[in-house]
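One structure is given below, encoded as structure tokens.
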Amino acid sequence: MAQRAHSSPTLHDVAREAGVSLATASRSLNGSTRKVNEEYRARVLAAAERLGYVANLSAQTIAKGTSSTLALLVSDIADAYFAAIAAGVLSGAEQAGLITTMGITQRSAERELDLVKTLRGQRPRVLILTGSRYVDAALDEALTRELQAFESTGGRVVMVSQRSLPFDTVQTDNYGGARDLAESLVDQGYRSFAALTGVSSLMTARDRLAGFRDGLAAHGLSLPDERVVETEFTRQGGYDGAGQLLSRGLGDAELLFAVNDVMAVGAMSRLREEGVDVPGSLAVAGFDDISTARDVTPALTTVRLPLERVGAAAIELALAGQRGDEPTLVTLGGEVVLRASTPARG
């Protein structure tokens, strides 16, 4: 007779090996909030290690109605902005004993909605959505329905974006940071500007451009529409957008503002290729203060956002207990950092 294949050890095996009840073994291994005698818990853990027991996470999820996982959605993990936020989330999740799964939305509201629908079926404990919201009422309504259904089964939702949906939100002061940047650049002696921005439906790009324009207006200055290019919210978008501005003609523009650092870095690369002296002929400023901003030449003037702190704040909101009647809003401000890409003008 063929020998039966060796089966994996079960929770019953662990309980028998440790000399405890099945309930005690389960509470010791599955993160129960009920107190377990420390001696019993140590025996259970030792027995599990000897037997090579691995918890059945799928079974736990079914039994509890949720899991010990956190689902994180980001637009583009290759973007240093989202990588820094993710680092803050991952650190907080590890401290809370949560396992993080990640989905990439590719800056698509439709893909984001599809991922949320899929993740609901996996029943994570927490769902964190990062990235700018879009001006799209129909998609917002569909996403809100999915997220409310998720929370109705015991999950928690936290948005890292603008406050536009009825969920706990961590947001950065995009408008205020861009306004402060514009005023600082005016103080540096700049009077004529151009800009690279994202599509107008992207709220982050819209808020940063509006803040920058209002900061200029406070000093009687303006940003002409013909010197503003809408492009992709990426390094390649900055590269292509700078080319478009050059083909239009920059006129007397002294400074180019890109609404994020990766666009600014792409723009600087294109300007150098086209023989434009940065910052001698045209200064450049960005927004976010990703690590690359300090490493490029010249070092990039920008608005520093506490990106890892943003991710940590999202975890803190998610684990703060039952959500109140009104969603919580946490706003983190930025700080203008002047570097060599915008030297003072005489």
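Note that the numbering used here has the sequence shown beginning at 66, numbered continuously upward.
Even for Gly, the Cβ is constructed at its ideal location relative to N, Cα and C.
As the structure is a computational prediction, the values presented were derived from the model and not from experiment.
Counting only runs of 4 or more residues that sit fully inside the stretch 258 to 328, the alpha helix (DSSP H) segments are 268 to 282 and 300 to 313, in chain order. Pairwise C-beta distances place the stretch 298 to 317 out of contact with the stretch 233 to 252, as fewer than three of them are shorter than 8 Å. When secondary structure is reduced to three states using DSSP, L194 falls in the strand class. The beta carbon of T357 is closer than 7 Å to those of A145, D326 and V330 in its chain, skipping five residues each way along the sequence. Burial is judged here by how many other beta carbons sit within 10 angstroms of a residue's own beta carbon; S140 has at least 16 and is buried. Annotation: D238 is outside any alpha helix (DSSP H) and is labelled neither H nor E by DSSP. The Cβ atoms of L178 and L194 do not sit closer than 8 Å to each other. Counting other Cβ atoms within 10 Å of its Cβ, L394 stays below 16 and is therefore classed as exposed. Each of P189, G196, L163 and R188 was checked against the Cα of Q171, and the nearest Cα belongs to G196. If you draw a straight line from the Cα of A318 to the Cα of V181, it is about 44 Å long. Sequence-distant partners of D279 (beyond 5 residues in either direction) whose C-beta falls short of 7 Å from its own C-beta, in its chain, are R244.
For G162, the three-state secondary structure derived from DSSP is coil. Taking every protein chain shown into account, the CB of Q160 has fewer than 16 other CB atoms within 10 angstroms, so this residue is exposed. Residue environment for D353: buried (at least 16 other C-beta atoms within 10 angstroms of its C-beta).
Listed in chain order, the beta strand (DSSP E) runs fully inside the stretch 342 to 373 are 348 to 350 and 367 to 369, counting runs of at least 3 residues. Under the DSSP assignment, A143 falls outside any alpha helix (DSSP H); it carries neither an H nor an E label. Rounded to whole angstroms, the gap between the alpha carbons of T218 and R271 is 35 Å. Look at E400 here: in three-state DSSP terms it is strand.
Segment contact: the stretch 369 to 380 against the stretch 332 to 346, fewer than three CB-CB distances shorter than 8 Å; contact not assigned.
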